[in-house]
């Protein structure tokens with residue numbers, strides 16, 4: 046379950062803009 | 018130059034293009050118990066970015082299942098309630114048949130985005146949390 050959550054979190058972060 | 022917080026009011030995309038804007042919007046959504054809407058929106062964008070290739074097929078399948086399970090499977094979830102039944106069955110079919118396409122969540126993302134634009138985004142711009150920030 047943890048790894049599923051990690052995968053989701055990584056996916057969400059990958060779509061976010063980088064801090065300017 | 019226009020301060021970022023004024024640009025956030027121009028469009029949802031201006032808000033979601035700024036890390037501070039996202040953080041503040043997410044804090045607001047969390048108060049309203051609907052932060053999943055934003056997480057789902059970003060999860061769809063992140064999923065689309067994963068190029069189909071042999072080395073990440075397993076990861077894409079696992080991720081598609083994880084997104085489906087967390088946001089769509091439970092019909093009482095905030096995201097699931099805003100997605101049309103036809104869109105949900107399309108995604109369910111893709112997962113079951115393991116037809117993992119980069120665009121498989123696009124329609125669901127559009128439906129959630131419309132809901133955010135019509136509902137939570139205008140509420141955010143009128144919220145104490147945004148007004149205090151400005």
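Residue numbers (this note's numbering), protein chains in the order written: chain S, 46 to 65; chain H, 18 to 151.
Yeah, the Cβ is synthetic: ideal placement off N, Cα and C, and Gly gets one too.
- Rounded to the nearest whole angstrom, the CA to CA distance from residue 55(S) to residue 151(H) is 30 Å.
- A straight line joining the alpha-carbon of residue 55(H) with that of residue 142(H) spans about 16 Å.
- Residue 26(H) sits in coil when the DSSP states are folded into three classes, being neither helix nor strand.
- For residue 61(H), the CB contacts under 6 Å within the same chain, skipping 5 residues up- and downstream, are 122, 126 in chain order.
- Listed along chain S, no residue sits closer than 7 Å to residue 99(H) by beta-carbon distance, the nearest being about 18 Å off.
- Scanning chain S for C-beta atoms nearer than 7 Å to the C-beta of residue 83(H) yields 49, 52, 53, reported in chain order.
- Where residue 138(H) is concerned, the enclosing alpha helix (DSSP H) starts and stops at 138–143.
- Residue environment analysis places residue 33(H) among the buried positions, since at least 16 neighbouring C-beta atoms fall within 10 angstroms of its C-beta.
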